[in-house]
Amino acid sequence: MTKVKVGKEDSSSADFVERRRGALERYLQRVVNHPSLLQDPDVREFLEREELPRAVSTQALSGAGFLKMLNKATDAVSKMTIKMNESDVWFEEKLQEMEATDQHFRKLHARLESLVAHRRELSVNTASFAKSAAMLGSAEDNTALSRALSQLAEVEDKMEQLHQDQAANDTFSFAEVIADFIRLLGAVRGSFDFRMKAWQRWQDAQTTLQKKRETEAKLLWANKPDKLQLAKEEIAEWEAKVTQSERDFERVSATVRKEVIRFEREKAKNFKRQIIKYLESLLQSQQQLIKYWEAFLPEAKAIA
């Protein structure tokens, strides 16, 4: 799964725990909403077990783990050298769309992280202003002005909490969801890579078959009947492998197409739902802000 940097995280912080909890909840929701994954025995066992087995991924890297990591690196290098002759325009266009969407989501995520940082800074400055207003009110001799300054300090205290709540909402209701989309887009691109590898296996099988046929032709020309039978058997074997590889490629292509279409449909639906939820929270925050200032206005007007 593609990793996305979502800001500095302290494993002991409440934010870190909330991020992980929210990410797990959204992941499980996606899994159970997938018709095929929901029937997977491992998924059902995970959902139904009262106690989960001890995690092994957090242990020291074993020899097998190192080999697995090395194989992944080798696959990445191989992927860079594969030049696929794409016969289906749909896959080419979709891959370009996914890459463009990924870039847009990454830019949006960076802006959201910046927004969260600004809101938190605003919260700190608001708290400082509230403290200063309270101190000034306690030192003021004019009773009406002193009361107004004290009320202003209370309003600013409430606004500080409002800014904190909105920063949390920016993070958990929007930024983290965008980070999920970025990871999912990485998984989708990974499925395209898997399809490319299936195509490469098909091409490799065809190349090997061609070499076997050339070997057979040479044996016929050299009149070596003792080796000819083995060559024919190898040709038959590789003809079957070519046929199977082609079927595998077609099956993978069909599955990728189906899952990409489903992903796009779910992405649009989830994104719409999350945007509406986020905008509603912004509206509620602004309405609360208006109430605070409307309640303070009579105090300001009462200053003689």
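Heads up: the sequence shown begins at 1 in the UniProt record's numbering, then just goes up one per residue. In this text, a Cβ means the ideal position worked out from N, Cα and C, and glycines have one as well. This one's a predicted model, so the numbers in the text were calculated from it and none came from an experiment.
Nearest-angstrom Cβ-Cβ length linking Asp180 and Arg26, presumed shorter than 8 Å: As a working note, residue 180 is residue 180 in the sequence shown. As a working note, residue 26 is residue 26 in the sequence shown. Indeed they touch by this definition, with Cβ atoms about 6 Å apart.
Spatial distance of Arg106 from Arg251 (CA atoms): Looking up residue 106 in the sequence shown gives position 106. Looking up residue 251 in the sequence shown gives position 251. So the alpha carbons of these two residues sit roughly 32 Å apart.
Between the CA atoms of Glu51 and Glu156 - distance to the nearest angstrom: The residue you call residue 156 lines up with position 156 of the sequence shown. The residue you call residue 51 lines up with position 51 of the sequence shown. For Glu156 and Glu51, the distance between alpha carbons rounds to 47 Å.
Which of helix, strand or coil DSSP assigns to Glu160: Reading the sequence shown from its first residue, position 160 is the one you call residue 160. If DSSP states are grouped into helix, strand and coil, Glu160 belongs with the helices.
Cα-Cα separation, Glu45 to Phe172: Counted from its first residue, the sequence shown places residue 45 at position 45. Counted from its first residue, the sequence shown places residue 172 at position 172. Whole-angstrom Cα-Cα distance: 29 Å.
Distance, Ser146 Cα to Val116 Cα: The sequence position of residue 116 within the sequence shown is 116, counting from 1. The sequence position of residue 146 within the sequence shown is 146, counting from 1. Each residue's alpha carbon lies about 34 Å from the other.
Ser245 - DSSP class collapsed to helix/strand/coil: As a first step, residue 245 must be located in the sequence shown, where it is residue number 245. Helix.
Rounded straight-line distance, which links the Cα of Leu152 to that of Glu121: Numbered from 1 along the sequence shown, position 121 holds the residue referred to as residue 121. Numbered from 1 along the sequence shown, position 152 holds the residue referred to as residue 152. Each residue's Cα considered, the two are about 20 Å apart.
Chain-order list of residues whose beta-carbon lies under 7 Å from that of Glu233 (same chain, five-residue window excluded): If you number the sequence shown from 1, residue 233 lands on position 233. Listed in chain order, the non-local C-beta contacts of Glu233 below 7 Å within the same chain number zero, local neighbours out to five positions each way being set aside.
8 Å contact criterion, which Ala295 and Ala144 should meet: CB distance rounded: Locating residue 295 in the sequence shown gives position 295, counting from the first residue. Locating residue 144 in the sequence shown gives position 144, counting from the first residue. Rounded, the Cβ-Cβ distance is 16 Å, inconsistent with contact.
Expected contact under 8 Å - CB spacing of Arg195 and Ser253 to nearest Å: Position 195 of the sequence shown, counting from 1, holds the residue named residue 195. Position 253 of the sequence shown, counting from 1, holds the residue named residue 253. Between the beta-carbon of Arg195 and that of Ser253 there is about 6 Å, and that keeps the pair under the 8 Å contact cut.
Backbone CA spacing between Glu160 and Ala133 [nearest angstrom]: Walking along the sequence shown from the start, residue 160 turns up at place 160. Walking along the sequence shown from the start, residue 133 turns up at place 133. Roughly 14 Å between the two C-alpha positions.
Proximity winner among Glu216, Gln200, Arg183, relative to Glu99 (alpha-carbon distances): Numbered from its first residue, the sequence shown carries residue 99 at position 99. Answer by Cα proximity: Arg183.
Start-to-end residues for the alpha helix (DSSP H) that takes in Thr208: Taking the sequence shown and counting its residues from 1, the one referred to as residue 208 is at position 208. Note, Thr208: alpha helix (DSSP H), 176-222.
C-beta contact flag for Val242 and Leu209 at 7 Å: Your numbering for residue 242 matches position 242 in the sequence shown. Your numbering for residue 209 matches position 209 in the sequence shown. Yes; because the gap between Cβ atoms is below 7 Å, this pair is in contact.
Straight-line Cα distance separating Met84 from Lys197: Taking the first residue of the sequence shown as position 1, residue 197 is located at position 197. Taking the first residue of the sequence shown as position 1, residue 84 is located at position 84. Distance between the alpha carbons of Lys197 and Met84: 9 Å.
Three-state class that DSSP yields for Arg49 in the structure shown: The residue given as residue 49 occupies position 49 in the sequence shown. Arg49 falls in the coil class under three-state DSSP.
Residue environment, Ser245, which counts as buried when at least 16 other CB atoms sit within 10 Å: Locating residue 245 in the sequence shown gives position 245, where the first residue counts as 1. Looking at its Cβ environment, which holds 16 or more other Cβ atoms inside 10 Å, Ser245 is buried.
Close Cβ partners of Thr126 (< 7 Å) along its chain, the five nearest in sequence each way excluded: Within the sequence shown, numbered from 1, the residue matching residue 126 stands at position 126. Closer than 7 Å at the Cβ level, and outside the excluded window around Thr126, lie Glu156, Met159, Glu160, His163.
Ala167 to Leu112 span [Cα, whole Å]: As a working note, residue 167 is residue 167 in the sequence shown. As a working note, residue 112 is residue 112 in the sequence shown. Distance between the alpha carbons of Ala167 and Leu112 is about 10 Å.
Helix, strand or coil at Gly7 [DSSP, three-state]: Residue numbering aside, residue 7 sits at position 7 when the sequence shown is read from its first letter. Confidence is the limiting factor: at Gly7 the pLDDT is only 46, short of 50, which leaves the residue's position unreliable and the question unanswerable from this model.
Simplified DSSP state of Ala98, which is helix, strand or coil: For the purposes of this step, residue 98 is taken as residue 98 along the sequence shown, with counting starting at 1. According to the sequence displayed, residue 98 carries Met and not Ala. Three-state result, Met98: helix.
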